[in-house]
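What follows is a short report on a single structure.
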Amino acid sequence: MKVVKSLLLGTAAGLIAVGGAQAADLPVKAKAVEYVKVCSLYGAGFYYIPGSDTCIKLGGYLRAEVALNAGGNYSAQYNNVFAASNRLTNYYSMRAREDLNIDTRTATEYGVVRTYFDAVFTWTTGNYVGAGSGTGATQYSGTLGLNAAGTSLIGSSGGAVNGTDGTISGGALGVYYAFIQFAGFTMGKAVSQFDAPWINYPGNNFDQLVGGSGTTNGVAQFTYTADLGQGVTAIVSAQDQTQVFQTALWNTAGMSTAGVLGGAYGSNDLGGTRSPDLVGTLRVDQAWGLFQASVAAHDNHVGYYGASEVTGHPEDKWGWAVQLALSIKNIPTGAGDVINISGVYTDGASRYNFQELAATSYSMFGGSGGAYQSIGFAGVSDAVFAPGSGLELTKTYGFRGAYTHNWSPYWNSALYGAWAAVNYSGTAKGMICGSAAFATLTGTCNPDFNIGQIGVITRWTPIKNLTFSADFTYSHLDQKYSGVITTPALTSVAKPAATYELKDQDTYSLLVRAQRNW
1 MKVVKSLLLG TAAGLIAVGG AQAADLPVKA KAVEYVKVCS LYGAGFYYIP GSDTCIKLGG
61 YLRAEVALNA GGNYSAQYNN VFAASNRLTN YYSMRAREDL NIDTRTATEY GVVRTYFDAV
121 FTWTTGNYVG AGSGTGATQY SGTLGLNAAG TSLIGSSGGA VNGTDGTISG GALGVYYAFI
181 QFAGFTMGKA VSQFDAPWIN YPGNNFDQLV GGSGTTNGVA QFTYTADLGQ GVTAIVSAQD
241 QTQVFQTALW NTAGMSTAGV LGGAYGSNDL GGTRSPDLVG TLRVDQAWGL FQASVAAHDN
301 HVGYYGASEV TGHPEDKWGW AVQLALSIKN IPTGAGDVIN ISGVYTDGAS RYNFQELAAT
361 SYSMFGGSGG AYQSIGFAGV SDAVFAPGSG LELTKTYGFR GAYTHNWSPY WNSALYGAWA
421 AVNYSGTAKG MICGSAAFAT LTGTCNPDFN IGQIGVITRW TPIKNLTFSA DFTYSHLDQK
481 YSGVITTPAL TSVAKPAATY ELKDQDTYSL LVRAQRNW
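Going letter by letter, the sequence shown gives residues 1 to 518 in the numbering used here.
Written as C-alpha coordinates, this is what we have:
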(Lines of atoms letter the chains of each structure in order from A and count residues from 1; the text may use other names and numbers.)
(Lines give C-alpha, C1' and ligand atoms only; values in the text may rest on other atoms or scores of the structure.)
Protein backbone atom coordinates (compact mmCIF):
# COMPACT_ATOMS: atom_id res chain seq x y z
CA MET A 1 0.00 0.00 0.00
CA LYS A 2 2.83 2.34 0.87
CA VAL A 3 4.43 1.58 -2.47
CA VAL A 4 1.21 2.43 -4.40
CA LYS A 5 0.78 5.66 -2.46
CA SER A 6 4.33 6.70 -3.21
CA LEU A 7 3.82 6.03 -6.92
CA LEU A 8 0.63 8.16 -7.03
CA LEU A 9 2.27 11.09 -5.25
CA GLY A 10 5.30 10.88 -7.51
CA THR A 11 3.12 10.83 -10.63
CA ALA A 12 1.13 13.86 -9.41
CA ALA A 13 4.32 15.77 -8.68
CA GLY A 14 5.64 14.96 -12.13
CA LEU A 15 2.44 16.17 -13.80
CA ILE A 16 2.54 19.39 -11.84
CA ALA A 17 6.16 19.98 -12.84
CA VAL A 18 5.43 19.28 -16.50
CA GLY A 19 2.37 21.57 -16.38
CA GLY A 20 4.45 24.34 -14.82
CA ALA A 21 7.08 24.03 -17.51
CA GLN A 22 4.45 24.20 -20.24
CA ALA A 23 2.82 27.22 -18.60
CA ALA A 24 6.14 28.99 -18.57
CA ASP A 25 6.33 28.56 -22.34
CA LEU A 26 2.92 30.27 -22.92
CA PRO A 27 2.78 34.08 -23.63
CA VAL A 28 1.88 36.13 -20.57
CA LYS A 29 -0.82 38.85 -21.11
CA ALA A 30 0.88 42.24 -20.60
CA LYS A 31 -0.73 45.02 -18.61
CA ALA A 32 -2.59 47.46 -20.87
CA VAL A 33 -0.71 50.69 -21.61
CA GLU A 34 -2.84 53.87 -21.77
CA TYR A 35 -1.07 55.81 -24.51
CA VAL A 36 -3.63 58.68 -24.54
CA LYS A 37 -4.97 59.46 -21.10
CA VAL A 38 -7.97 61.73 -20.55
CA CYS A 39 -7.22 64.89 -18.54
CA SER A 40 -10.31 65.87 -16.57
CA LEU A 41 -8.77 68.84 -14.76
CA TYR A 42 -9.72 71.53 -17.31
CA GLY A 43 -12.95 70.32 -18.89
CA ALA A 44 -13.87 68.16 -21.87
CA GLY A 45 -11.45 67.59 -24.74
CA PHE A 46 -8.16 67.67 -22.81
CA TYR A 47 -5.65 64.79 -22.88
CA TYR A 48 -2.27 64.26 -21.24
CA ILE A 49 0.66 64.58 -23.61
CA PRO A 50 2.30 61.11 -23.35
CA GLY A 51 5.22 61.13 -20.96
CA SER A 52 4.33 64.46 -19.37
CA ASP A 53 1.97 66.09 -16.88
CA THR A 54 0.83 68.68 -19.46
CA CYS A 55 -2.71 68.53 -20.81
CA ILE A 56 -3.51 69.53 -24.41
CA LYS A 57 -6.68 70.29 -26.34
CA LEU A 58 -6.97 70.72 -30.10
CA GLY A 59 -9.87 72.65 -31.62
CA GLY A 60 -10.95 74.81 -34.49
CA TYR A 61 -13.48 75.15 -37.27
CA LEU A 62 -13.88 74.97 -41.03
CA ARG A 63 -15.95 77.69 -42.67
CA ALA A 64 -17.35 78.23 -46.17
CA GLU A 65 -19.24 81.42 -47.04
CA VAL A 66 -20.42 83.80 -49.70
CA ALA A 67 -21.07 87.53 -49.21
CA LEU A 68 -23.43 89.41 -51.52
CA ASN A 69 -23.11 93.16 -52.22
CA ALA A 70 -20.25 93.34 -49.75
CA GLY A 71 -16.83 94.95 -49.44
CA GLY A 72 -14.94 91.69 -49.08
CA ASN A 73 -16.39 89.12 -46.68
CA TYR A 74 -18.60 89.96 -43.72
CA SER A 75 -18.13 93.67 -44.40
CA ALA A 76 -19.96 96.44 -46.24
CA GLN A 77 -19.47 98.51 -49.40
CA TYR A 78 -17.96 101.52 -47.66
CA ASN A 79 -15.05 102.41 -49.95
CA ASN A 80 -12.91 101.73 -53.00
CA VAL A 81 -14.28 99.68 -55.94
CA PHE A 82 -16.67 97.94 -53.55
CA ALA A 83 -18.58 101.24 -53.17
CA ALA A 84 -18.03 102.59 -56.71
CA SER A 85 -21.40 101.28 -57.96
CA ASN A 86 -19.97 100.45 -61.39
CA ARG A 87 -18.60 97.49 -63.34
CA LEU A 88 -15.57 97.14 -61.05
CA THR A 89 -17.76 96.43 -58.03
CA ASN A 90 -17.98 92.81 -56.84
CA TYR A 91 -21.53 91.48 -56.63
CA TYR A 92 -20.25 88.59 -54.50
CA SER A 93 -17.15 87.46 -52.60
CA MET A 94 -16.39 83.89 -51.50
CA ARG A 95 -14.18 82.56 -48.75
CA ALA A 96 -13.02 79.25 -47.27
CA ARG A 97 -11.21 79.17 -43.93
CA GLU A 98 -9.72 76.60 -41.58
CA ASP A 99 -8.97 77.58 -38.00
CA LEU A 100 -6.68 75.59 -35.70
CA ASN A 101 -6.16 76.27 -32.01
CA ILE A 102 -3.91 74.50 -29.48
CA ASP A 103 -4.50 74.89 -25.74
CA THR A 104 -1.99 73.45 -23.22
CA ARG A 105 -2.17 73.57 -19.41
CA THR A 106 0.12 72.35 -16.65
CA ALA A 107 -0.58 72.41 -12.91
CA THR A 108 2.33 73.87 -10.90
CA GLU A 109 2.95 75.11 -7.38
CA TYR A 110 2.32 78.65 -8.73
CA GLY A 111 -0.98 77.70 -10.33
CA VAL A 112 -1.82 76.64 -13.87
CA VAL A 113 0.60 77.52 -16.66
CA ARG A 114 -1.32 77.90 -19.93
CA THR A 115 -0.29 78.47 -23.54
CA TYR A 116 -2.74 79.17 -26.34
CA PHE A 117 -2.22 79.38 -30.09
CA ASP A 118 -4.81 80.08 -32.80
CA ALA A 119 -4.03 80.32 -36.52
CA VAL A 120 -6.20 80.49 -39.64
CA PHE A 121 -5.66 79.41 -43.24
CA THR A 122 -7.86 81.41 -45.60
CA TRP A 123 -8.73 81.70 -49.26
CA THR A 124 -10.75 84.77 -50.31
CA THR A 125 -12.08 86.20 -53.58
CA GLY A 126 -10.07 89.21 -54.74
CA ASN A 127 -11.23 92.23 -56.75
CA TYR A 128 -10.27 94.40 -59.73
CA VAL A 129 -9.09 98.00 -59.53
CA GLY A 130 -8.25 100.46 -62.27
CA ALA A 131 -4.63 100.27 -63.41
CA GLY A 132 -4.49 104.01 -64.17
CA SER A 133 -3.12 103.41 -67.65
CA GLY A 134 -5.70 105.54 -69.44
CA THR A 135 -6.79 102.53 -71.52
CA GLY A 136 -9.35 101.15 -69.08
CA ALA A 137 -7.01 98.34 -67.99
CA THR A 138 -7.61 96.76 -64.59
CA GLN A 139 -5.52 94.63 -62.27
CA TYR A 140 -6.62 91.80 -59.98
CA SER A 141 -5.87 92.41 -56.35
CA GLY A 142 -7.31 91.63 -52.95
CA THR A 143 -4.92 94.01 -51.22
CA LEU A 144 -4.65 97.05 -53.48
CA GLY A 145 -8.34 97.81 -53.04
CA LEU A 146 -7.97 98.43 -49.32
CA ASN A 147 -4.97 99.15 -47.22
CA ALA A 148 -4.15 97.26 -44.04
CA ALA A 149 -7.02 98.72 -42.04
CA GLY A 150 -9.74 98.82 -44.66
CA THR A 151 -8.95 102.41 -45.66
CA SER A 152 -9.62 103.40 -49.26
CA LEU A 153 -6.64 103.90 -51.53
CA ILE A 154 -8.37 106.57 -53.61
CA GLY A 155 -5.66 109.18 -53.38
CA SER A 156 -2.41 107.80 -52.01
CA SER A 157 -1.98 110.83 -49.77
CA GLY A 158 -4.24 109.14 -47.27
CA GLY A 159 -1.45 106.78 -46.30
CA ALA A 160 -1.78 103.37 -44.67
CA VAL A 161 -3.25 102.61 -41.28
CA ASN A 162 -2.12 99.55 -39.36
CA GLY A 163 -4.63 96.75 -38.90
CA THR A 164 -6.26 93.84 -40.70
CA ASP A 165 -9.36 93.78 -42.85
CA GLY A 166 -9.21 90.18 -44.03
CA THR A 167 -9.55 90.86 -47.78
CA ILE A 168 -6.44 89.01 -48.92
CA SER A 169 -6.95 87.24 -52.24
CA GLY A 170 -5.71 83.71 -52.73
CA GLY A 171 -4.38 81.69 -49.81
CA ALA A 172 -3.09 83.30 -46.63
CA LEU A 173 -1.98 82.34 -43.13
CA GLY A 174 -2.88 84.47 -40.14
CA VAL A 175 -2.03 84.17 -36.44
CA TYR A 176 -4.86 85.33 -34.19
CA TYR A 177 -3.57 84.46 -30.73
CA ALA A 178 -0.28 83.25 -29.24
CA PHE A 179 0.10 83.84 -25.50
CA ILE A 180 1.29 82.45 -22.17
CA GLN A 181 -0.73 82.77 -18.94
CA PHE A 182 0.98 82.30 -15.58
CA ALA A 183 0.27 83.49 -12.03
CA GLY A 184 -2.25 86.09 -13.22
CA PHE A 185 -0.09 87.37 -16.10
CA THR A 186 -0.94 87.19 -19.81
CA MET A 187 2.03 87.66 -22.15
CA GLY A 188 1.73 87.60 -25.95
CA LYS A 189 -0.97 88.16 -28.56
CA ALA A 190 -4.49 87.98 -27.11
CA VAL A 191 -7.78 89.88 -27.12
CA SER A 192 -7.41 93.43 -25.75
CA GLN A 193 -8.41 93.79 -22.11
CA PHE A 194 -10.35 96.91 -23.13
CA ASP A 195 -12.77 94.84 -25.23
CA ALA A 196 -16.12 93.59 -24.04
CA PRO A 197 -16.14 89.77 -23.72
CA TRP A 198 -18.05 89.50 -27.01
CA ILE A 199 -15.34 91.59 -28.77
CA ASN A 200 -16.99 92.97 -31.98
CA TYR A 201 -19.94 90.61 -31.89
CA PRO A 202 -22.76 91.34 -29.41
CA GLY A 203 -24.99 89.08 -31.53
CA ASN A 204 -22.36 86.93 -33.30
CA ASN A 205 -22.84 89.32 -36.19
CA PHE A 206 -21.41 91.40 -39.07
CA ASP A 207 -17.65 92.08 -38.74
CA GLN A 208 -17.59 95.87 -39.09
CA LEU A 209 -19.84 97.10 -36.29
CA VAL A 210 -18.72 100.48 -34.95
CA GLY A 211 -19.45 101.71 -31.44
CA GLY A 212 -16.67 100.03 -29.47
CA SER A 213 -13.32 98.33 -29.34
CA GLY A 214 -12.71 94.87 -30.79
CA THR A 215 -9.50 92.94 -31.42
CA THR A 216 -10.76 89.82 -33.19
CA ASN A 217 -7.22 89.13 -34.41
CA GLY A 218 -5.60 89.77 -31.02
CA VAL A 219 -3.03 92.37 -29.95
CA ALA A 220 0.41 91.94 -28.37
CA GLN A 221 0.24 92.78 -24.66
CA PHE A 222 1.59 92.33 -21.13
CA THR A 223 -1.31 92.05 -18.69
CA TYR A 224 -1.95 91.31 -15.02
CA THR A 225 -5.38 90.14 -13.81
CA ALA A 226 -6.30 90.21 -10.11
CA ASP A 227 -9.18 87.98 -8.98
CA LEU A 228 -10.98 89.90 -6.22
CA GLY A 229 -13.55 87.16 -5.56
CA GLN A 230 -17.32 86.96 -6.15
CA GLY A 231 -16.78 87.17 -9.92
CA VAL A 232 -14.94 90.53 -9.69
CA THR A 233 -11.64 91.03 -11.50
CA ALA A 234 -9.34 94.02 -11.94
CA ILE A 235 -7.00 94.19 -14.92
CA VAL A 236 -4.06 96.39 -15.93
CA SER A 237 -2.44 96.02 -19.33
CA ALA A 238 0.15 97.51 -21.66
CA GLN A 239 -0.65 96.69 -25.29
CA ASP A 240 0.94 97.41 -28.65
CA GLN A 241 -0.74 100.46 -30.17
CA THR A 242 0.75 100.11 -33.65
CA GLN A 243 -0.94 96.85 -34.57
CA VAL A 244 -4.60 97.86 -34.42
CA PHE A 245 -5.02 100.95 -32.22
CA GLN A 246 -3.94 103.73 -34.58
CA THR A 247 -6.11 105.38 -37.22
CA ALA A 248 -4.47 108.44 -38.83
CA LEU A 249 -2.49 111.50 -37.77
CA TRP A 250 -3.29 113.71 -40.73
CA ASN A 251 -0.91 116.39 -41.93
CA THR A 252 -3.24 118.63 -43.92
CA ALA A 253 -0.32 119.87 -46.02
CA GLY A 254 -0.69 116.61 -47.94
CA MET A 255 -4.37 117.03 -48.83
CA SER A 256 -5.61 116.52 -52.38
CA THR A 257 -9.09 116.48 -53.89
CA ALA A 258 -8.73 112.82 -54.86
CA GLY A 259 -7.55 111.95 -51.35
CA VAL A 260 -10.41 113.89 -49.75
CA LEU A 261 -13.00 112.04 -51.81
CA GLY A 262 -11.41 108.80 -50.61
CA GLY A 263 -11.85 109.86 -46.98
CA ALA A 264 -8.26 110.99 -46.30
CA TYR A 265 -7.68 114.56 -45.08
CA GLY A 266 -3.94 114.71 -45.65
CA SER A 267 -0.79 112.63 -45.37
CA ASN A 268 -0.81 110.07 -42.59
CA ASP A 269 2.21 111.17 -40.55
CA LEU A 270 2.63 108.51 -37.87
CA GLY A 271 5.98 108.45 -36.06
CA GLY A 272 7.83 105.61 -34.37
CA THR A 273 6.69 103.89 -31.18
CA ARG A 274 7.12 105.72 -27.89
CA SER A 275 4.62 104.16 -25.50
CA PRO A 276 2.22 101.22 -25.58
CA ASP A 277 -1.43 101.89 -24.88
CA LEU A 278 -2.21 101.61 -21.16
CA VAL A 279 -5.47 99.90 -20.24
CA GLY A 280 -7.37 99.41 -16.98
CA THR A 281 -10.52 97.27 -16.64
CA LEU A 282 -12.92 96.34 -13.83
CA ARG A 283 -15.27 93.41 -14.53
CA VAL A 284 -18.15 91.88 -12.59
CA ASP A 285 -19.18 88.48 -14.00
CA GLN A 286 -22.04 86.71 -12.19
CA ALA A 287 -25.08 84.52 -12.88
CA TRP A 288 -27.29 87.49 -13.82
CA GLY A 289 -24.82 88.72 -16.45
CA LEU A 290 -21.78 90.94 -16.71
CA PHE A 291 -20.73 94.56 -16.22
CA GLN A 292 -17.41 95.96 -17.38
CA ALA A 293 -15.77 99.39 -17.29
CA SER A 294 -12.62 99.99 -19.37
CA VAL A 295 -10.29 102.96 -19.78
CA ALA A 296 -7.31 103.41 -22.11
CA ALA A 297 -4.57 105.98 -22.64
CA HIS A 298 -3.09 106.39 -26.14
CA ASP A 299 0.02 108.38 -27.08
CA ASN A 300 -0.20 110.24 -30.42
CA HIS A 301 3.32 110.62 -31.82
CA VAL A 302 3.90 112.32 -35.19
CA GLY A 303 6.81 112.22 -37.61
CA TYR A 304 7.61 115.67 -39.07
CA TYR A 305 5.89 118.66 -40.61
CA GLY A 306 7.80 118.09 -43.82
CA ALA A 307 10.01 115.54 -45.54
CA SER A 308 12.87 115.53 -42.99
CA GLU A 309 13.71 116.19 -39.37
CA VAL A 310 14.81 119.76 -40.02
CA THR A 311 11.18 120.76 -40.68
CA GLY A 312 10.19 120.28 -37.04
CA HIS A 313 7.25 118.44 -35.52
CA PRO A 314 4.30 118.89 -33.17
CA GLU A 315 4.61 117.63 -29.60
CA ASP A 316 3.00 114.34 -28.55
CA LYS A 317 -0.53 114.44 -27.20
CA TRP A 318 -2.14 111.71 -25.15
CA GLY A 319 -5.62 110.60 -26.11
CA TRP A 320 -7.95 108.46 -24.08
CA ALA A 321 -11.04 106.25 -24.28
CA VAL A 322 -13.65 104.89 -21.86
CA GLN A 323 -16.13 102.09 -22.48
CA LEU A 324 -18.99 100.58 -20.46
CA ALA A 325 -20.39 97.16 -21.35
CA LEU A 326 -23.39 95.26 -19.96
CA SER A 327 -24.66 91.71 -20.58
CA ILE A 328 -28.03 90.58 -19.21
CA LYS A 329 -28.70 86.84 -19.07
CA ASN A 330 -31.67 84.70 -18.05
CA ILE A 331 -34.20 87.14 -19.47
CA PRO A 332 -37.83 85.95 -19.51
CA THR A 333 -38.14 85.66 -23.32
CA GLY A 334 -36.49 82.23 -23.36
CA ALA A 335 -33.72 79.99 -22.11
CA GLY A 336 -30.31 81.21 -23.20
CA ASP A 337 -31.60 84.56 -24.49
CA VAL A 338 -29.21 87.44 -23.85
CA ILE A 339 -28.87 91.21 -24.32
CA ASN A 340 -25.39 92.67 -24.87
CA ILE A 341 -24.84 96.43 -25.07
CA SER A 342 -21.85 98.80 -24.84
CA GLY A 343 -21.08 102.49 -25.18
CA VAL A 344 -17.79 104.30 -25.77
CA TYR A 345 -16.29 107.80 -25.82
CA THR A 346 -12.85 108.61 -27.24
CA ASP A 347 -10.65 111.70 -27.52
CA GLY A 348 -7.58 111.15 -29.68
CA ALA A 349 -7.99 107.34 -29.59
CA SER A 350 -10.56 106.62 -32.30
CA ARG A 351 -9.80 102.91 -32.80
CA TYR A 352 -11.47 102.23 -29.45
CA ASN A 353 -14.71 103.20 -31.23
CA PHE A 354 -13.93 102.15 -34.81
CA GLN A 355 -12.58 98.69 -33.97
CA GLU A 356 -9.86 96.95 -35.98
CA LEU A 357 -12.18 95.48 -38.65
CA ALA A 358 -14.29 98.63 -39.02
CA ALA A 359 -13.68 101.02 -41.91
CA THR A 360 -11.90 104.27 -41.09
CA SER A 361 -12.58 105.88 -44.46
CA TYR A 362 -15.81 106.08 -46.46
CA SER A 363 -16.17 106.87 -50.15
CA MET A 364 -19.59 105.77 -51.40
CA PHE A 365 -21.07 106.65 -54.80
CA GLY A 366 -24.75 106.82 -55.75
CA GLY A 367 -27.19 108.41 -58.14
CA SER A 368 -27.88 112.14 -58.39
CA GLY A 369 -30.53 114.34 -59.89
CA GLY A 370 -28.35 117.16 -61.21
CA ALA A 371 -24.63 116.36 -61.03
CA TYR A 372 -22.90 113.45 -62.72
CA GLN A 373 -23.34 111.27 -59.62
CA SER A 374 -23.48 111.70 -55.86
CA ILE A 375 -20.80 110.82 -53.33
CA GLY A 376 -20.67 110.52 -49.56
CA PHE A 377 -17.19 110.60 -48.07
CA ALA A 378 -15.77 110.75 -44.54
CA GLY A 379 -12.65 109.86 -42.61
CA VAL A 380 -11.61 108.91 -39.08
CA SER A 381 -8.40 110.11 -37.42
CA ASP A 382 -6.78 110.33 -34.02
CA ALA A 383 -5.60 113.89 -34.68
CA VAL A 384 -5.12 116.56 -37.34
CA PHE A 385 -2.33 119.10 -37.71
CA ALA A 386 -0.79 121.54 -40.18
CA PRO A 387 2.83 122.71 -40.51
CA GLY A 388 3.68 124.83 -37.47
CA SER A 389 0.60 123.80 -35.45
CA GLY A 390 -0.03 121.39 -32.61
CA LEU A 391 -2.16 118.25 -32.71
CA GLU A 392 -5.94 118.72 -32.72
CA LEU A 393 -7.40 115.55 -31.23
CA THR A 394 -10.48 113.97 -32.83
CA LYS A 395 -13.45 113.10 -30.62
CA THR A 396 -15.78 110.15 -31.24
CA TYR A 397 -18.58 108.40 -29.39
CA GLY A 398 -20.92 105.53 -30.12
CA PHE A 399 -22.72 102.42 -28.97
CA ARG A 400 -23.68 98.96 -30.18
CA GLY A 401 -25.77 96.07 -28.96
CA ALA A 402 -27.77 92.97 -29.77
CA TYR A 403 -30.63 90.85 -28.53
CA THR A 404 -30.30 87.10 -29.16
CA HIS A 405 -33.37 84.83 -28.96
CA ASN A 406 -33.41 81.03 -29.09
CA TRP A 407 -36.47 79.81 -30.99
CA SER A 408 -35.61 76.16 -30.29
CA PRO A 409 -32.52 74.06 -29.57
CA TYR A 410 -31.79 74.24 -33.32
CA TRP A 411 -32.72 77.82 -34.30
CA ASN A 412 -31.76 81.24 -32.96
CA SER A 413 -31.72 84.83 -34.22
CA ALA A 414 -30.10 88.08 -33.18
CA LEU A 415 -31.20 91.63 -33.89
CA TYR A 416 -28.26 94.02 -33.65
CA GLY A 417 -27.32 97.62 -34.30
CA ALA A 418 -24.56 100.20 -33.89
CA TRP A 419 -24.02 103.93 -34.27
CA ALA A 420 -20.92 106.14 -34.05
CA ALA A 421 -20.17 109.84 -34.47
CA VAL A 422 -16.90 111.61 -35.34
CA ASN A 423 -16.41 115.29 -34.37
CA TYR A 424 -13.50 117.50 -35.41
CA SER A 425 -12.60 120.62 -33.41
CA GLY A 426 -13.15 124.06 -34.89
CA THR A 427 -9.41 124.44 -35.44
CA ALA A 428 -9.19 121.06 -37.20
CA LYS A 429 -12.14 121.96 -39.42
CA GLY A 430 -10.36 125.18 -40.38
CA MET A 431 -7.24 123.23 -41.39
CA ILE A 432 -9.25 120.73 -43.44
CA CYS A 433 -11.77 123.05 -45.09
CA GLY A 434 -9.16 125.77 -45.74
CA SER A 435 -7.22 123.41 -47.98
CA ALA A 436 -7.07 123.89 -51.75
CA ALA A 437 -8.54 120.38 -51.97
CA PHE A 438 -11.93 122.00 -51.33
CA ALA A 439 -11.39 124.89 -53.75
CA THR A 440 -14.10 123.61 -56.13
CA LEU A 441 -16.64 122.93 -53.38
CA THR A 442 -19.87 124.88 -53.74
CA GLY A 443 -21.71 124.39 -50.47
CA THR A 444 -20.94 123.49 -46.85
CA CYS A 445 -17.64 122.00 -45.70
CA ASN A 446 -17.90 119.96 -42.50
CA PRO A 447 -15.86 116.76 -41.95
CA ASP A 448 -18.03 115.58 -39.02
CA PHE A 449 -20.13 112.50 -39.73
CA ASN A 450 -22.21 109.67 -38.25
CA ILE A 451 -22.46 106.04 -39.34
CA GLY A 452 -25.41 103.83 -38.39
CA GLN A 453 -25.80 100.06 -38.85
CA ILE A 454 -28.65 97.63 -38.20
CA GLY A 455 -28.94 93.96 -39.01
CA VAL A 456 -30.41 90.56 -38.27
CA ILE A 457 -28.76 87.13 -38.28
CA THR A 458 -30.48 83.73 -38.11
CA ARG A 459 -28.64 80.48 -37.39
CA TRP A 460 -29.69 76.84 -37.81
CA THR A 461 -27.76 74.08 -36.04
CA PRO A 462 -29.23 70.75 -37.26
CA ILE A 463 -26.54 68.73 -35.46
CA LYS A 464 -24.04 69.62 -32.78
CA ASN A 465 -21.20 71.87 -34.00
CA LEU A 466 -22.59 72.34 -37.53
CA THR A 467 -24.26 75.72 -38.13
CA PHE A 468 -25.75 77.44 -41.18
CA SER A 469 -26.39 81.18 -40.95
CA ALA A 470 -27.66 84.15 -42.93
CA ASP A 471 -26.77 87.71 -41.87
CA PHE A 472 -28.30 90.87 -43.41
CA THR A 473 -26.85 94.33 -42.61
CA TYR A 474 -27.99 97.83 -43.61
CA SER A 475 -25.73 100.88 -43.17
CA HIS A 476 -26.38 104.63 -43.45
CA LEU A 477 -23.60 107.22 -43.81
CA ASP A 478 -24.77 110.59 -42.46
CA GLN A 479 -22.13 113.01 -43.78
CA LYS A 480 -22.30 116.75 -43.12
CA TYR A 481 -21.14 118.16 -46.46
CA SER A 482 -23.57 119.76 -48.88
CA GLY A 483 -23.46 121.16 -52.40
CA VAL A 484 -21.25 119.92 -55.22
CA ILE A 485 -17.54 119.38 -55.80
CA THR A 486 -15.55 118.98 -59.02
CA THR A 487 -12.83 116.35 -59.00
CA PRO A 488 -10.15 115.02 -61.33
CA ALA A 489 -10.44 111.47 -62.66
CA LEU A 490 -10.39 108.77 -59.97
CA THR A 491 -8.70 106.05 -61.99
CA SER A 492 -8.59 103.31 -59.34
CA VAL A 493 -12.41 103.23 -59.25
CA ALA A 494 -12.94 104.19 -62.92
CA LYS A 495 -14.69 107.49 -62.09
CA PRO A 496 -14.30 110.40 -64.54
CA ALA A 497 -13.38 114.00 -63.87
CA ALA A 498 -16.82 115.43 -63.13
CA THR A 499 -19.00 117.36 -60.71
CA TYR A 500 -20.41 115.23 -57.89
CA GLU A 501 -23.23 116.06 -55.50
CA LEU A 502 -22.39 115.62 -51.81
CA LYS A 503 -25.07 113.62 -49.99
CA ASP A 504 -25.71 110.80 -47.53
CA GLN A 505 -25.33 107.22 -48.78
CA ASP A 506 -26.82 103.82 -47.93
CA THR A 507 -25.64 100.27 -48.48
CA TYR A 508 -26.55 96.73 -47.50
CA SER A 509 -24.94 93.30 -47.57
CA LEU A 510 -25.86 89.65 -47.01
CA LEU A 511 -23.59 86.87 -45.79
CA VAL A 512 -24.48 83.16 -46.02
CA ARG A 513 -22.19 80.81 -44.10
CA ALA A 514 -21.69 77.14 -43.21
CA GLN A 515 -19.40 76.36 -40.27
CA ARG A 516 -18.29 73.09 -38.69
CA ASN A 517 -16.63 73.38 -35.28
CA TRP A 518 -14.48 70.59 -33.93
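Where a beta carbon is used, it is the ideal one built from N, C-alpha and C, also for glycine.
query, result
"Selected residue, minimal CA-CA separation from L502, among Q479, N69, L228, T491", "Q479"
"In chain order, each beta strand (DSSP E) run of at least 3 residues that lies wholly inside the stretch 363 to 415", "373 to 379, 383 to 385, 395 to 406"
"S413: CB within 8 angstroms of a non-hydrogen atom of the ligand GTP", "This structure simply doesn't include the ligand GTP, nor any ligand for that matter."
"Close-in-space but distant-in-sequence residues of the same chain around T273 (CB under 7 angstroms, 5 per side omitted)", "T242"
"Residue span of the beta strand (DSSP E) that contains T104, given as start and end", "92 to 108"
"Segment contact, 8 angstroms Cβ cut-off, at least three pairs: the stretch 98 to 107 with the stretch 71 to 80", "no"
"Opposing strand residues paired with G519 [DSSP bridges]", "The shown model of the chain, from 1 to 518, leaves out residue 519, and the question about it has no answer."
"Candidates P447, G312, G174, of which the one nearest K395 by Cα", "P447"
"Minimum C-alpha distance to T444 - residue among L466, A402, K429", "K429"
"Anticipated Cβ contact below 8 angstroms, F385 with L391, distance rounded", "5 angstroms"
"T458 to G263 span [Cα, whole Å]", "33 angstroms"
"Completely contained alpha helix (DSSP H) runs for the stretch 252 to 295, where each covers 4 or more residues", "257 to 261"
"Any 3 or more C-beta pairs closer than 8 angstroms across the stretch 192 to 203 and the stretch 276 to 295", "yes"
"CA-to-CA distance, Y304 to T434, given in whole angstroms", "The residue you asked about is not Thr; residue 434 is Gly in the sequence shown. When rounded, the distance between both Cα atoms is 21 angstroms."
"Exposure of W518, with buried meaning 16 or more beta-carbon neighbours within 10 Å", "exposed"
"Contact check, N353 vs S213, beta carbons under 9 angstroms", "yes"
"Where P50 falls, given that 16 or more other Cβ within 10 Å makes a residue buried", "exposed"
"Inter-stretch contact (C-beta, 8 angstroms, three-pair minimum) for the stretch 343 to 357 and the stretch 315 to 323", "yes"
"Whole-angstrom distance between N73 and H476, CA atom to CA atom", "19 angstroms"
"Nearest residue (CA-CA) to G455, options N205, H298, I375", "N205"
"Separation of V295 from A439, as counted between CA atoms", "40 angstroms"
"Integer-rounded CB distance, given that A220 should sit under 8 angstroms from V175", "No, V175 and A220 are not in contact; Cβ-Cβ is about 11 angstroms, not under 8 angstroms."
"Extent of the continuous beta strand (DSSP E) to which G452 belongs", "449 to 463"
"C-beta contact flag for I451 and Y362 at 9 angstroms", "yes"
"Separation of S256 from Y500, as counted between CA atoms", "16 angstroms"
"Counted within 10 angstroms of its Cβ, other Cβ atoms place R63 as buried (16 or more) or exposed", "buried"
"Delimiting residues of the beta strand (DSSP E) encompassing K317", "317 to 328"
"N-terminal and C-terminal residue of the alpha helix (DSSP H) that T427 is part of", "426 to 433"
"DSSP three-state assignment for Y352, whether helix, strand or coil", "helix"
"Pairwise C-alpha distance: D471 and V66", "11 angstroms"
"Where Q239 falls: helix, strand or coil (DSSP)", "strand"
"CB contact flag (G370, Q505, <9 angstroms)", "no"
"Inter-stretch contact at 8 angstroms, needing at least 3 Cβ pairs: the stretch 334 to 352 / the stretch 405 to 418", "yes"
"Beta bridge counterpart(s) of C55 as assigned by DSSP", "Y48, R105"
"Cβ-based burial, P409 [other Cβ within 10 Å; buried from 16]", "exposed"
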